[in-house]
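Please read the structure below before turning to the comments.
Number of protein chains: 2
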Amino acid sequence: MRESELLAHIYARSAGAMPPGVLVGPGDDAAVVEFGGRRVIATVDQLVEGRHYDPESTPVDLIARKAIARSVSDIAAMGGRPTCALAAASLPADCRFADDLFDSMARWAQHWTCPLVGGDIATTAGPVVLSVTALGEPHAVRGPVLRSGARAGDGVYVTGALGGSLASGRHLTFEPRLAVAAALCGALGGRLRAMIDLSDGHGRDAGRVAVASGVRIALDAASLPLHDGVTDWRSAAADGEDYELLFTAEGAAPGNVAGVTITRIGVVLEGRGCVVRTPDGAEIDAGDLGWDHGAS
Amino acid sequence: MRESELLAHIYARSAGAMPPGVLVGPGDDAAVVEFGGRRVIATVDQLVEGRHYDPESTPVDLIARKAIARSVSDIAAMGGRPTCALAAASLPADCRFADDLFDSMARWAQHWTCPLVGGDIATTAGPVVLSVTALGEPHAVRGPVLRSGARAGDGVYVTGALGGSLASGRHLTFEPRLAVAAALCGALGGRLRAMIDLSDGHGRDAGRVAVASGVRIALDAASLPLHDGVTDWRSAAADGEDYELLFTAEGAAPGNVAGVTITRIGVVLEGRGCVVRTPDGAEIDAGDLGWDHGAS
Chain A
214 MRESELLAHI
224 YARSAGAMPP
234 GVLVGPGDDA
244 AVVEFGGRRV
254 IATVDQLVEG
264 RHYDPESTPV
274 DLIARKAIAR
284 SVSDIAAMGG
294 RPTCALAAAS
304 LPADCRFADD
314 LFDSMARWAQ
324 HWTCPLVGGD
334 IATTAGPVVL
344 SVTALGEPHA
354 VRGPVLRSGA
364 RAGDGVYVTG
374 ALGGSLASGR
384 HLTFEPRLAV
394 AAALCGALGG
404 RLRAMIDLSD
414 GHGRDAGRVA
424 VASGVRIALD
434 AASLPLHDGV
444 TDWRSAAADG
454 EDYELLFTAE
464 GAAPGNVAGV
474 TITRIGVVLE
484 GRGCVVRTPD
494 GAEIDAGDLG
504 WDHGAS
Chain B
214 MRESELLAHI
224 YARSAGAMPP
234 GVLVGPGDDA
244 AVVEFGGRRV
254 IATVDQLVEG
264 RHYDPESTPV
274 DLIARKAIAR
284 SVSDIAAMGG
294 RPTCALAAAS
304 LPADCRFADD
314 LFDSMARWAQ
324 HWTCPLVGGD
334 IATTAGPVVL
344 SVTALGEPHA
354 VRGPVLRSGA
364 RAGDGVYVTG
374 ALGGSLASGR
384 HLTFEPRLAV
394 AAALCGALGG
404 RLRAMIDLSD
414 GHGRDAGRVA
424 VASGVRIALD
434 AASLPLHDGV
444 TDWRSAAADG
454 EDYELLFTAE
464 GAAPGNVAGV
474 TITRIGVVLE
484 GRGCVVRTPD
494 GAEIDAGDLG
504 WDHGAS
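Here's what the structure looks like:
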């Protein structure tokens with residue numbers, strides 16, 4: 214079973230048992246929990262050596278950067294502002310870069326106004342595993358933007374450009390879309406309906422929005438904004454790790470927000486499922502696109 | 214270098230850089246961060262297969278229990294009440310108990326009113342590593358109880374009994390001292406000066422309070438409350454993993470709180486360091502006692 218499916222399966226059973234203070238439980242980009250009336254966004258993500266980065270070629274600073282950026286990107290996907298982070302590291306006993314790694318994680322965490330306030334180190338025989346929990350606050354006016362808010366008639370939009378993340382090294386240097394998310398919350402308010410960050414390919418991740426919202430999403434492959442050098446929209450989907458935002462909005466969205474291009478790539482319909490309309494007119498199930506660690 | 218020393222070393226450098234909203238940064242049992250005036254306690258801890266439990270003999274439910282309980286114990290050590298938790302798991306690709314493991318973690322988290330609101334699974338070639346972040350709120354009146362509050366003249370106290378945790382299996386079944394901590398906050402208020410949970414042996418952990426508070430602590434070995442079957446106070450220190458609370462208080466503390474015995478085991482003095490006075494009158498540096506994973 215795929216990791217993400219396993220996790221969804223596990224959480225589906227526990228979702229009904231959440232107490233009232235848990236406003237958003239497992240299954241979105243992050244949870245939202247109330248602390249005496251204040252809403253706190255919380256998310257955890259892992260970075261695994263050999264899986265999410267190549268240990269031979271990746272500088273320690275970029276390992277640290279990606280570990281922090283992945284969790285910060287989840288905060289952005291809720292339209293939130295990061296507050297702090299905690300990092301747990303499993304490291305080989307002979308690891309020489311623990312010191313540099315935590316230094317770099319602390320620096321990148323500060324960079325995204327998300328100071329590292331706690332951590333843990335354990336030595337293991339296994340690969341390096343960095344687990345980063347990020348906390349944040351939702352946009353003061355818009356509130357947290359969930360995966361479940363898409364409605365028939367919304368447009369589907371994506372920030373920036375997609376594809377070639379692994380080959381280009383962008384998966385190590387992407388900028389979490391905090392500024393864009395905040396600007397979208399401010400500009401669109403309640404018209405900003407649903408949002409997710411793209412880690413597993415736009416087709417698969419749009420499919421998650423469709424499932425969470427109980428709608429059908431139709432994406433138009435020809436309209437996908439691709440990075441220079443990326444010519445095949447399928448490979449862009451297969452690579453994943455874009456960490457751009459995909460969102461749905463009622464009515465028009467601006468073409469540029471916080472210096473980042475916004476492109477309309479599809480539409481939300483009544484029904485279920487997520488399809489990609491290919492340039493030759495076929496419809497492909499988005500579940501057959503994209504990328505999932507642990508896929509068998 | 215020992216793991217805990219490495220972490221302390223790493224965090225010592227970053228401690229000065231914390232923004233004003235971070236009331237307690239790295240280095241205590243947990244961090245305390247302000248969210249619009251509400252204080253949130255946050256901590257992360259890891260449970261590693263073969264290190265913190267024996268994979269051959271430990272039921273999945275007790276692996277899950279210990280993973281949650283360790284982080285909940287950190288919340289208790291701040292005098293806090295848990296609010297929610299997030300769990301990240303690194304599991305072997307052929308792991309058959311992921312489902313049961315997350316089920317059990319969710320159940321134990323609920324048990325300690327700390328619902329699992331988020332998670333992540335990654336398959337690796339390495340050992341099972343469970344990383345649990347727990348969030349909580351400090352006691353409404355007393356506020357968070359730090360390691361740094363001990364003052365000369367305080368008594369040093371411990372909850373429950375110590376020793377034999379590994380041999381007895383108590384390290385898998387201990388009860389995080391949430392109720393005791395809350396009752397101590399209520400009963401002692403500002404007289405409850407400093408607190409820590411005992412994971413690495415009372416000597417080593419008391420030493421951490423001494424360092425954080427800038428005081429000297431003298432423990433009396435003869436007064437240590439030992440579990441039935443534990444006859445040697447040194448072995449009690451060496452085992453660690455008691456997860457009882459050690460605290461300092463101005464004036465007398467009650468002998469029993471929330472059904473748990475409280476024992477006075479030492480005194481806080483002017484100066485630096487932490488010593489254990491042995492039954493034969495010698496003074497041993499507490500740094501030479503106790504247990505630290507990764508000690509060389």
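Residue numbers (the numbering used here), protein chains in the order written: chain A, 214 to 509; chain B, 214 to 509.
Positions of the beta carbon are idealized from the N, C-alpha and C atoms, including for glycine.
At a cut-off of 7 Å between beta-carbon atoms, residue 356 of chain B makes no contact with chain A. A direct Cα-Cα distance of roughly 17 Å separates residue 238 of chain B from residue 427 of chain B. Listed along chain B is no residue with a C-beta nearer than 7 Å to that of residue 491 of chain A; the closest approach is about 32 Å.
Not flagged as an interface residue toward chain B: residue 445 of chain A, since no C-beta distance is shorter than 7 Å. Cβ neighbours of residue 258 of chain B within its own chain (closer than 7 Å, five residues either side excluded): 283, 284, 287 and 345. The criterion of a C-beta distance shorter than 7 Å is satisfied by residue 298 of chain A and residue 347 of chain A. For the 7 Å CB-CB criterion, residue 439 of chain B and residue 502 of chain B do not form a contact. Residues of chain B whose Cβ lies closer than 8 Å to the Cβ of residue 216 of chain A are, in chain order, 334, 335 and 336.
Of the other Cβ atoms in all chains shown, 16 or more fall within 10 Å of the Cβ of residue 328 of chain A; this residue is therefore buried. In this structure, residue 486 of chain A sits near residue 429 of chain A, with a CB-CB distance shorter than 7 Å. Inclusion of residue 461 of chain B and residue 363 of chain B in the CB contact set at 7 Å is warranted, their separation being smaller than that value.
The C-alpha of residue 492 of chain B is placed about 45 Å away from the C-alpha of residue 302 of chain B.
Here the alpha carbons of residue 416 of chain A and residue 435 of chain A stand approximately 13 Å from one another.
Boundaries of the beta strand (DSSP E) around residue 406 of chain A: 405-410.
Under a criterion of Cβ atoms nearer than 9 Å, the residues of chain A adjacent to residue 264 of chain B are, in order, 335, 336 and 337. Under the DSSP assignment, residue 386 of chain B falls in the alpha helix (DSSP H) whose first and last residues are 383-386. Counting only the Cα atoms, residue 464 of chain A lies some 47 Å from residue 341 of chain B.
Runs of the alpha helix (DSSP H) lying entirely within the stretch 419-491 of chain B, each at least 4 residues long, are 446-452 in chain order. Closer than 7 Å to the CB of residue 271 of chain A there is not a single CB belonging to chain B. In this structure, residue 411 of chain A lies away from residue 478 of chain A, with their beta-carbon atoms at least 7 Å apart. The beta carbon of residue 454 of chain A is closer than 7 Å to those of 378, 379, 384 and 412 in its chain, skipping five residues each way along the sequence. For residue 320 of chain B, the uninterrupted alpha helix (DSSP H) segment begins and ends at 311-324. Your pair residue 266 of chain A and residue 240 of chain A does not check out as a contact, with CB atoms roughly 26 Å apart and the cut at 8 Å. For residue 354 of chain A, no beta strand (DSSP E) segment is defined, and its DSSP state is neither H nor E. The count of Cβ pairs closer than 8 Å, one atom from the stretch 241-256 of chain A and one from the stretch 268-276 of chain A, stays below three, leaving the stretches out of contact. Contact between residue 490 of chain B and residue 400 of chain B does not hold, since their C-beta atoms are separated by about 28 Å, which reaches or exceeds 8 Å. In the same chain as residue 294 of chain B, and ignoring 5 residues on each side of it, the C-beta atoms closer than 6 Å to its own belong to 349 and 350, in chain order.
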